[in-house]
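Residue 282 is where the sequence shown starts when you use the working numbering, and the numbers rise one by one after that. Even for Gly, the Cβ is constructed at its ideal location relative to N, Cα and C. Since the structure is predicted, the reported quantities are computational estimates derived from the model, not experimental observations. Presented below is the structure to which this report refers.
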Amino acid sequence: MQLDAPDNHAGAAEAHGDAHALLPPVDVLENGLIALIAPTEGSSLVHCEGARRKLQDSLLAAAVAWVELIAFMGETFFAMILSLVCRSCAAAAIQVVLSTSTTSSVCESLWDATFVCLYVLRRSASNFHQPSLRAWIRRLGLYPFSLSSLAIAWIVYQVVGFLAVWSYQRHTNEWIWSWGNYYSVDGTSATHELQRSHILEILVLSPIKEELVFRGVAFHVLSNRCASGSRPIPSSSRSCRVPNHPKAAALCVSIVFGCTHLVNLMHAKFSVLYVAIQTCLGVQIGFFYGLQYLHTGSLFQVIVLHIVNNLLSSFTSTQMDITASALLQFLRTCDCEPGICRESQTAP
282 MQLDAPDNHA GAAEAHGDAH ALLPPVDVLE NGLIALIAPT EGSSLVHCEG
332 ARRKLQDSLL AAAVAWVELI AFMGETFFAM ILSLVCRSCA AAAIQVVLST
382 STTSSVCESL WDATFVCLYV LRRSASNFHQ PSLRAWIRRL GLYPFSLSSL
432 AIAWIVYQVV GFLAVWSYQR HTNEWIWSWG NYYSVDGTSA THELQRSHIL
482 EILVLSPIKE ELVFRGVAFH VLSNRCASGS RPIPSSSRSC RVPNHPKAAA
532 LCVSIVFGCT HLVNLMHAKF SVLYVAIQTC LGVQIGFFYG LQYLHTGSLF
582 QVIVLHIVNN LLSSFTSTQM DITASALLQF LRTCDCEPGI CRESQTAP
């Protein structure tokens, strides 16, 4: 049995106009948990005789996909802990040798992000039987760097909307945005020192890690279990299996992505209202990013969109309170009846 490696995005896009064709063909070899139980005889997609074919397109395959997704999220969390342990050991060794601490918060953030991303890339490349890390990076769409016209239009739309709201606040002198998130980790302006590591994390590192984990690997975990039929590869006599429900996989990943923001309820610097809005928007915007990934095959583009979104939303206070809104204060001063709104009378 000869198993063929997937072709690139562009070739499939020329032959088919729907979102399915823009996705890489799914892996035909078993991977993940089943591969641990019944390992294949080879780790490459090419010339693997006797290799076990992937369990796909069934209720059992869907159940396995969710178990694999949970296991992958747990392994990602393990990578974060392992990064912290390695960083702490390195800092302790440096302090012993040099008798001083030379680490900085920016270096720590860069180390953690680099460690987690490389760990996830290496593990997922092996899990999906990629011949090299470079091939896996191209398959995920991290390279080449490009932006579609729709992505550029969406960025312009967000920036124009941001400037319009900023102009209104400046005109009325009623500000709901502030620089608090840039000068204080707890979302207030209590400190006047610029939080460089925090800014780097929320504006650059978090979007890269989140998109790699969710729209990148997690989406492939789910979509690779939902495949049926075969389609010809352009300029070739071969055929390949393609994801059967890519939009459903993108939606499921977006729901998981949004729900992960609920962990912010454990931190006092986030209000319940802020976390609720963050979770709901995380599902909606995450699904939009997923659709963009389906139609372009570029994870780099999704990362750029995520960075722009985080940049514009970083001026919103994490301590937002609905009871402090001007509209609610106005309603509190009125007795509202059907069709009539009169000022309330207070007792002396």
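Limits of the unbroken alpha helix (DSSP H) element including residue i
i: E528; result: Checking the displayed sequence, the identity of residue 528 turns out to be Lys instead of Glu. Residues 527-540.
i: H479; result: 477-481
i: Q376; result: 340-379
Spatially closest choice to residue i from the options, by CA coordinates
i: D393; options: C370, A416, A352, L363; result: L363
i: A531; options: F551, G563, R404; result: G563
i: V585; options: V437, A371, Q376; result: V437
i: V583; options: F551, S390, S595, S487; result: S487
i: L350; options: L554, L546, V494; result: V494
i: K490; options: M354, A434, R415, S380; result: M354
i: L503; options: E492, K528, L546; result: K528
i: H501; options: F443, G571, A360, L475; result: G571
i: S386; options: A372, T597, R415; result: A372
i: R415; options: F426, Q565, L402, S427; result: L402
i: T577; options: A343, V534, S430; result: S430
i: F569; options: H542, V553, R496, C507; result: R496
i: S339; options: Q450, C507, R419, V446; result: C507
i: Y464; options: I588, S478, L423; result: S478
i: L484; options: T357, S459, F596, Q600; result: F596
i: R419; options: S579, H452, F551; result: S579
According to DSSP, residues forming a beta bridge with residue i
i: T597; result: W458
Residue i in three-state terms, based on DSSP
i: F426; result: coil
i: K490; result: helix
i: H576; result: helix
i: H410; result: coil
i: S504; result: helix
i: H548; result: coil
i: E474; result: coil
i: S405; result: helix
i: S386; result: helix
i: E322; result: Its pLDDT being 47, under 50, E322 is placed unreliably by the model, and the measurement read from it follows with that caveat. Coil, per DSSP.
Any non-hydrogen atom of the ligand FMN within 7 Å of residue i CB
i: L493; result: Looking for the ligand FMN in the displayed structure turns up nothing, as the structure carries no ligands at all.
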